[in-house]
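Reading through the C-alpha cells given below for one structure.
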Amino acid sequence: MAKKDVPSKVTIVEVAEKAGVSLGTVSRVMNNDIHVAPDTRERVAAVMREMGYVANRQARGLKGSRTNVIGVLAPDLGTGYIGEILHGIDTELGLHQFDLMLFTTHRTAIKEANYVANLVKGMVDGLLLILPRNPADYTGILTNANFPFVLIDHQGTGSLCPAVGATNWQGAYNATEYLIKLGHKRIGFITGSMDLGAAIDRLDGYKSALQVHHIPEDPQLIYEGTFFQPDGYAGGSALLDLDDPPTAIFASNDVMAMGAMDAIRGRGLRIPEDVSILGFDDIPQSAMVRPALTTVRQPLEHMGRLATQMLIDQLKNPEKGIDRVELPTQLIVRDSTLSPKDRAG
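Letter by letter, the sequence shown follows residues 187 to 531 of our numbering.
What follows is the structure in C-alpha cells.
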C-alpha cells in the first residue's frame with residue numbers, strides 16, 4: 187500500500203493563532219507549566235491535537251534519536267522586538283521540519299543558565315539564545331560539549347561563539363549625527379541595560395557622534411534605562427526637568443521612545459515641534475504611533491531566520507567553523523523629528 191503524503195509542517199505560530207493565545211502560552215502548555223488556566227490549557231491542547239502538532243513531537247521524541255526540536259531562550263515576550271525575531275525563527279524552523287520549544291528567562295541570569303543546563307541533556311537538538319543575559323556563564327560548557335547554539339543580538343562573548351547581531355554602534359552614530367545635522371545640540375540619551383553589549387554599543391555610538399561634531403558630552407543628558415517602556419517615561423521626565431532640557435531625545439529602543447513620548451505630552455509639549463524623539467529597532471508599532479517614530483531599523487526577522495539557518499547548518503556540518511555575522515542597520519526617518527525651533531524667538 188502506498189504511504190500517505192506527509193502533511194505540511196504545523197508551526198507553533200499557527201497553533202497560537204488558531205487557539206487565540208500567545209506563543210508563550212502554547213510553549214507553557216507544551217512544557218506542562220502550571221501557570222496556565224485549565225480552560226486555556228484544554229483549548230490549546232485541542233488545537234494541537236486537531237492540527238497534529240502533539241503527535242509530531244511525540245513521534246520524534248524517541249530515545250537516542252534527534253528530537254527535531256530547537257530550544258529558544260528569550261528574555262520576555264512583551265515587545266515587538268522579541269516577536270519579530272521569533273517570527274523569523276519559527277518560519278525558518280518550519281521550512282526545515284523542526285519544532286520550537288520556547289522558554290522565557292525574565293532577564294534572570296541564573297534562570298537562563300539553569301534552562302541551558304537542562305536543555306542540553308537531550309530535550310532539544312540545538313539552542314537559539316535571544317539577547318542572553320550572561321552567556322559567559324555557560325558558552326564554554328556548550329562549546330566543550332559540541333552542543334550547537336547561536337547567540338542573537340549579543341556582543342562581547344568572544345570569537346568562539348556563533349552569533350548574529352546588528353551594527354548597533356553605527357546605527358546609534360548615524361541617528362545621533364542625523365539629529366545634529368537637523369540643528370540639535372542638546373540631545374538626551376536613554377540607555378538600555380548596560381550589562382548588554384547592544385546597549386553599550388549604542389551609547390558609544392551616541393558619544394562618538396557628539397565628539398566628531400565637537401559637541402561637549404553632558405552626563406546630565408544620559409539617563410540609564412533597562413529597555414522597558416517605564417524607563418522611557420522616567421528618563422524622558424528626568425531629561426525634561428533639567429534647567430537646560432534637550433531639544434531631542436534618543437532612546438535605545440522603540441518602547442522606551444514611546445514612554446518618552448508620553449512624558450513629553452504629559453508636559454504639554456509637542457512632538458516634534460518642541461522636542462524631537464528617536465528610537466531604535468523599528469518594531470511594527472513604531473510606524474503606528476502618532477507621530478510616527480523616527481528610528482533605527484534592525485532587521486529583526488532576518489536576524490531570527492539567519493541565526494536559525496546557522497544553527498541548522500551546525501547540525502548538518504558539526505565540523506564547520508564559527509560564524510559571527512553583523513547585519514546592517516538603517517535610519518528610518520518618519521514624523522517624530524524636526525529641526526529645533528528658535529527658542530529665543
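Note that CB positions come from ideal geometry on N, CA and C, so glycine has one too. Since the structure is predicted, the reported quantities are computational estimates derived from the model, not experimental observations.
With three or more beta-carbon pairs closer than 8 Å as the criterion, would you say the stretch 511 to 518 touches the stretch 350 to 368?
yes
Output yes or no for whether 8 Å exceeds the beta carbon distance between L365 and I373.
yes
Tell whether a beta-carbon distance below 8 Å holds between M489 and G210.
A distance of 8 Å or more separates the beta carbons of M489 and G210.
Just checking, does the stretch 425 to 442 make contact with the stretch 455 to 465 on the three C-beta pairs under 8 Å criterion?
yes
Residue closest to D509, alpha-carbon to alpha-carbon, out of F335, N330, P261, E403:
When the alpha-carbon of D509 is set against those of F335, N330, P261, E403, the nearest one is in F335.
Span separating the alpha-carbon of V196 from that of P402:
55 Å
Is it buried or exposed, G411, if we count other Cβ atoms within 10 angstroms and call 16 or more buried?
It counts as buried.
Complete runs of the alpha helix (DSSP H) confined to the stretch 362 to 431 [at least 4 residues]:
383 to 398, 415 to 426
Do you know how far the Cα of L501 is from the Cα of T329?
14 Å
How many Å lie between P526 and S423 at the Cα?
The alpha-carbon of P526 is positioned some 19 Å away from that of S423.
Cβ pair A385, S438 closer than 8 Å
yes
Compare the Cα-Cα distances from V539 to each of A349, D262, V255 and report the closest residue.
An answer regarding residue 539 cannot be provided, because it is not within the stretch 187 to 531 covered by the chain.
What does the Cβ neighbour count give for G257, buried or exposed, with the cut at 16 atoms within 10 Å?
With 16 or more other Cβ atoms from the protein chains shown falling within 10 Å of its own Cβ, G257 counts as buried.
If you run the structure through DSSP and keep just helix, strand and coil, what is S525?
coil
Going by DSSP, what residue range makes up the alpha helix (DSSP H) through I198?
198 to 205
Provide the residue span of the beta strand (DSSP E) that contains L314, from first to last.
312 to 316
Per DSSP, cross-strand counterpart(s) of A289
One point to set straight first is that residue 289 is Phe, not Ala, in the sequence displayed. In DSSP, F289 forms a bridge with L259.
On the criterion of 16 or more Cβ atoms from any shown chain inside 10 Å, does V201 qualify as buried, or is it exposed?
Counting Cβ neighbours within 10 Å, V201 comes out buried, since at least 16 surround it.
Closest to Q484 by CA distance: which of I271, E236, Y239 is it?
I271
Under the three-state reduction of DSSP, which class applies to A352: helix, strand or coil?
A352 falls in the strand class under three-state DSSP.
Have a look at M234 and M287 and give me their C-alpha separation to the nearest angstrom.
14 Å
Give the DSSP-derived three-state secondary structure of D460 in the structure shown.
coil
Could you check the C-alpha separation between H221 and V302 for me, to the nearest Å?
21 Å
Is DSSP giving Q244 helix, strand or coil here?
The predicted position of Q244 is uncertain, since its pLDDT is 45 and thus under 50; a value taken from the coordinates is nonetheless stated next. It is helical.
What residue from L407, G418, V482, G383 has the CA that sits closest to K393's CA?
L407
For the beta strand (DSSP E) containing L337, list its first residue and its last residue.
335 to 338
Am I right that D404 and D440 are in contact with their C-beta atoms under 8 Å? What's the rounded C-beta distance?
Contact doesn't hold; Cβ gap of about 24 Å is too wide.
Where V519 falls, given that 16 or more other Cβ within 10 Å makes a residue buried
exposed
For T523, which option in F333, L368, I316 has the closest C-alpha, if you only look at C-alpha atoms?
Check the Cα spacing between T523 and each of F333, L368, I316: the tightest is with L368.
Helix, strand or coil for G465 per DSSP?
In the structure shown, G465 sits in a strand (DSSP, three-state: E or B).
Count the other C-beta atoms from every protein chain shown that fall within 10 angstroms of the C-beta of E236, then say buried if there are 16 or more, exposed otherwise.
Result: exposed.
CA nearest to the CA of A420, picked from G452, D390, G391, E505:
With respect to the C-alpha of A420, the residue from G452, D390, G391, E505 having the closest C-alpha is G452.
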